[in-house]
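Trainee: Provided herewith is a single structure, encoded as structure tokens, for subsequent inquiry.
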Amino acid sequence: MSMIRSVCISLLCLLCFCAQAQEKIWEGTACRSKQVTLTGYLPEGEPKAVVVVCPGGSYHWLDHEKEGTKVARWLAQEGYAAYVLQYRTAGVLEYLTKYRSVVRGYRHPDMICDLQRSIQLLRERYSCPLGVMGFSAGGHLAVMAGEFYQTNFLERYGIEPEVFLRPDFVAAIYPVVTLAEERYVHRRSRLGLLGEWRQGKQQMRDSLSLEKHVGAHMPPVFLLNCTDDPLVDYHNSVLLDSALGAMRIPHLYVQMENGGHGFGADSTRMQPGTTDTWQERFMDWLLNMSF
Numbered sequence: 062m063s064m065i066r067s068v069c070i071s072l073l074c075l076l077c078f079c080a081q082a083q084e085k086i087w088e089g090t091a092c093r094s095k096q097v098t099l100t101g102y103l104p105e106g107e108p109k110a111v112v113v114v115c116p117g118g119s120y121h122w123l124d125h126e127k128e129g130t131k132v133a134r135w136l137a138q139e140g141y142a143a144y145v146l147q148y149r150t151a152g153v154l155e156y157l158t159k160y161r162s163v164v165r166g167y168r169h170p171d172m173i174c175d176l177q178r179s180i181q182l183l184r185e186r187y188s189c190p191l192g193v194m195g196f197s198a199g200g201h202l203a204v205m206a207g208e209f210y211q212t213n214f215l216e217r218y219g220i221e222p223e224v225f226l227r228p229d230f231v232a233a234i235y236p237v238v239t240l241a242e243e244r245y246v247h248r249r250s251r252l253g254l255l256g257e258w259r260q261g262k263q264q265m266r267d268s269l270s271l272e273k274h275v276g277a278h279m280p281p282v283f284l285l286n287c288t289d290d291p292l293v294d295y296h297n298s299v300l301l302d303s304a305l306g307a308m309r310i311p312h313l314y315v316q317m318e319n320g321g322h323g324f325g326a327d328s329t330r331m332q333p334g335t336t337d338t339w340q341e342r343f344m345d346w347l348l349n350m351s352f
């Protein structure tokens, strides 16, 4: 009987953190991108804060599970309303065929438009603090939201938000940062973001290299990566850490020796004693922030 009761309780707990219906964020607007969605994972009771989760994938695809669903369920269990953003990416077909040398496809500023629209909708819905958490290329996107919030990218669709587009905090986990520093750049993400032609233009590279655009009103940042990262050179985060420090932006940079890339919130991909502690460290940091 006690086993049945335990199973029932477990199922009820799971249901508490089930995904809500996917929300198509551009419905009723001039933007026709129907595939862009927000999927919410809500805690019991009032949320401590709202977190938009941006999975990575080199701006070509999205890691929905490790850096999306699992992250959101963990945040919901901790008392946060988490919304996984399925933003526009270049696509697998583009990676294989380079079709964007002929047609536009998806590229900057499509991705930041999707994130700003998400922030707008959630700001209108919630009065609690709102942050953005991103992984790899999604980390680049999350930091862009903190750096470029004064630019209304939604204007191209005739949208003038009446809410503040600046996140209250940003979490960037093994993020892509630089598009200009050739020694450290993640070329696939740069290609995915800029497209076949614009990736070669230095002005475009500089304009979206995050280490070059940390302003005085940048929100607090939690930054984490591993020095053995085989995909995104760890110096990406070093560059961002230096820029944040130079501008005296409150931030925590957690640099780990082991753990690689792409672990997200998947415990089977984490290294004991290193990356398996990152979620706890983030929660400690967030609980000590005052918004």
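Our numbering puts the first residue of the sequence shown at 62, with every later residue one more than the last.
No residue lacks a Cβ here, since even glycine has one placed at the ideal position from N, Cα and C.
A quick note: this is a predicted structure, and the numbers were derived from the prediction, not measured.
So, with DSSP's three-state summary, where would you put Cys-92?
Mentor: Translated into positions along the sequence shown, residue 92 becomes position 31. Cys-92 falls in the coil class under three-state DSSP.
Trainee: What's the gap between the Cα of Arg-227 and the Cα of Gly-207?
Mentor: For the purposes of this step, residue 227 is taken as the residue at position 166 of the sequence shown. For the purposes of this step, residue 207 is taken as the residue at position 146 of the sequence shown. Arg-227 and Gly-207: Cα-Cα distance of roughly 6 Å.
Trainee: According to DSSP, Phe-196 sits in a beta bridge with which residue or residues?
Mentor: Translated into the one-based positions of the sequence shown, residue 196 becomes position 135. According to DSSP, Phe-196 bridges with Ile-234.
Trainee: Identify which residue in Leu-240, Gly-306, Ala-232, Gly-321 has its Cα closest to the Cα of Ser-250.
Mentor: Here residue 250 refers to the residue found at position 189 of the sequence shown. Among Leu-240, Gly-306, Ala-232, Gly-321, the Cα nearest to that of Ser-250 belongs to Leu-240.
Trainee: Which complete beta strand (DSSP E) runs does the region 211-265 hold, if anything under 3 residues is left out?
Mentor: Counting whole runs of 3 or more residues, the region 211-265 contains the beta strand (DSSP E) stretches 230-234.
Trainee: Give, in chain order, every unbroken run of the alpha helix (DSSP H) that is at least 4 residues long and sits entirely within the region 309-350.
Mentor: As far as the region 309-350 is concerned, its whole alpha helix (DSSP H) runs of at least 4 residues are 339-348.
Trainee: Please tell me whether His-201 and Leu-254 are closer than 9 Å, where the distance is taken between their beta carbons.
Mentor: The residue you call residue 201 lines up with position 140 of the sequence shown. The residue you call residue 254 lines up with position 193 of the sequence shown. Against a cut-off of 9 Å, the Cβ pair of Leu-254 and His-201 comes out as a contact.
Trainee: So for Tyr-102, helix, strand or coil by DSSP?
Mentor: Here residue 102 refers to the residue found at position 41 of the sequence shown. In this structure, Tyr-102 counts as strand in the three-state DSSP scheme.
Trainee: Could you check if Arg-244 is buried or exposed, using at least 16 other CB atoms within 10 Å of its CB as the buried criterion?
Mentor: Your numbering for residue 244 matches position 183 in the sequence shown. Exposed: under 16 other Cβ atoms inside 10 Å.
Trainee: Using beta-carbon positions only, say whether Gln-177 and Leu-215 come within less than 9 Å of one another.
Mentor: By one-based count along the sequence shown, residue 177 stands at place 116. By one-based count along the sequence shown, residue 215 stands at place 154. Yes, the pair counts as a contact, with Cβ atoms nearer than the cut-off.
Trainee: Around the Cβ of Val-163, are there at least 16 other Cβ atoms within 10 angstroms (buried) or fewer (exposed)?
Mentor: In the sequence shown, counting from the first residue as 1, residue 163 sits at position 102. Classification of Val-163: exposed, given that the 10 Å Cβ count is below 16.
Trainee: For the alpha helix (DSSP H) containing Gln-147, list its first residue and its last residue.
Mentor: For the purposes of this step, residue 147 is taken as residue 86 along the sequence shown, with counting starting at 1. Unbroken run through Gln-147 is the beta strand (DSSP E), 142-147; no alpha helix (DSSP H).
Trainee: Exposed or buried, which one is Arg-248 when buried takes at least 16 other CB atoms within 10 Å?
Mentor: Position 187 of the sequence shown, counting from 1, holds the residue named residue 248. Arg-248 comes out exposed.
Trainee: Please name the residue, chosen from Gly-219, Glu-272, Val-193, that lies closest to Ala-142 on a Cα-to-Cα basis.
Mentor: Your numbering for residue 142 matches position 81 in the sequence shown. That would be Val-193, whose Cα lies nearest to the Cα of Ala-142.
Trainee: From Gly-321, Phe-283, His-322, Ala-326, pick the residue whose C-alpha is nearest to that of Met-350; which is it?
Mentor: Position 289 of the sequence shown, counted from the first residue, corresponds to residue 350. Nearest C-alpha to Met-350: Phe-283.
Trainee: Can you tell me whether Gln-81 is buried or exposed? The criterion is at least 16 other CB atoms within 10 Å of its CB, across all chains shown.
Mentor: One-based indexing of the sequence shown puts residue 81 at position 20. Looking at its Cβ environment, which holds fewer than 16 other Cβ atoms inside 10 Å, Gln-81 is exposed.
Trainee: If you follow the alpha helix (DSSP H) that Val-132 is part of, which residue opens it and which one closes it?
Mentor: Within the sequence shown, residue 132 is the residue found at index 71, counting from 1. Looking at the DSSP string, the run of the alpha helix (DSSP H) that includes Val-132 is 131-138.
Trainee: Classify Lys-308 as buried or exposed, calling it buried when 16 or more other Cβ atoms lie within 10 Å of its own Cβ.
Mentor: Along the sequence shown, read from residue 1 onward, the residue named residue 308 stands at position 247. Per the sequence presented here, residue 308 reads as Met, with Lys not at that position. Result: exposed.
Trainee: Measure the alpha-carbon distance for Leu-154 versus Tyr-160 and round it to whole angstroms.
Mentor: To locate residue 154, count along the sequence shown from 1; it is residue 93. To locate residue 160, count along the sequence shown from 1; it is residue 99. Rounded to whole angstroms, Leu-154 to Tyr-160 spans 8 Å at the Cα level.
Trainee: How should Gly-261 be labelled, buried or exposed, when 16 other C-beta atoms within 10 angstroms of its C-beta is the threshold for buried?
Mentor: By 1-based counting over the sequence shown, the position of residue 261 is 200. Label assigned to Gly-261: exposed.
Trainee: Val-114 lies in the alpha helix (DSSP H); which residues open and close that run?
Mentor: Taking the sequence shown and counting its residues from 1, the one referred to as residue 114 is at position 53. Not the alpha helix (DSSP H): Val-114 falls in the beta strand (DSSP E), residues 111-115.
Trainee: To the nearest angstrom, how far is it from the Cα of Tyr-148 to the Cα of Tyr-218?
Mentor: On the sequence shown, position 87 is the one that residue 148 refers to. On the sequence shown, position 157 is the one that residue 218 refers to. Cα-Cα distance, rounded: 16 Å.
Trainee: Which value, in whole angstroms, describes the spacing of the CA atoms of Ile-234 and Gly-117?
Mentor: For this step, residue 234 is matched to residue 173 along the sequence shown. For this step, residue 117 is matched to residue 56 along the sequence shown. One C-alpha to the other measures close to 10 Å.
Trainee: Mind reading off the beta-carbon distance from Gly-101 to Tyr-167? Whole number of angstroms is fine, and I expect it under 8 Å.
Mentor: On the sequence shown, residue 101 is found 40 positions in, with the first residue counted as 1. On the sequence shown, residue 167 is found 106 positions in, with the first residue counted as 1. Their Cβ separation, rounded to whole angstroms, is 24 Å, which puts Gly-101 and Tyr-167 out of contact at 8 Å.
Trainee: What residue does the alpha helix (DSSP H) around Val-282 start on, and which one ends it?
Mentor: Sequence index remark: in the sequence shown, residue 282 carries index 221 (1-based). Note, Val-282: premise wrong, no alpha helix (DSSP H); beta strand (DSSP E) at 282-287.
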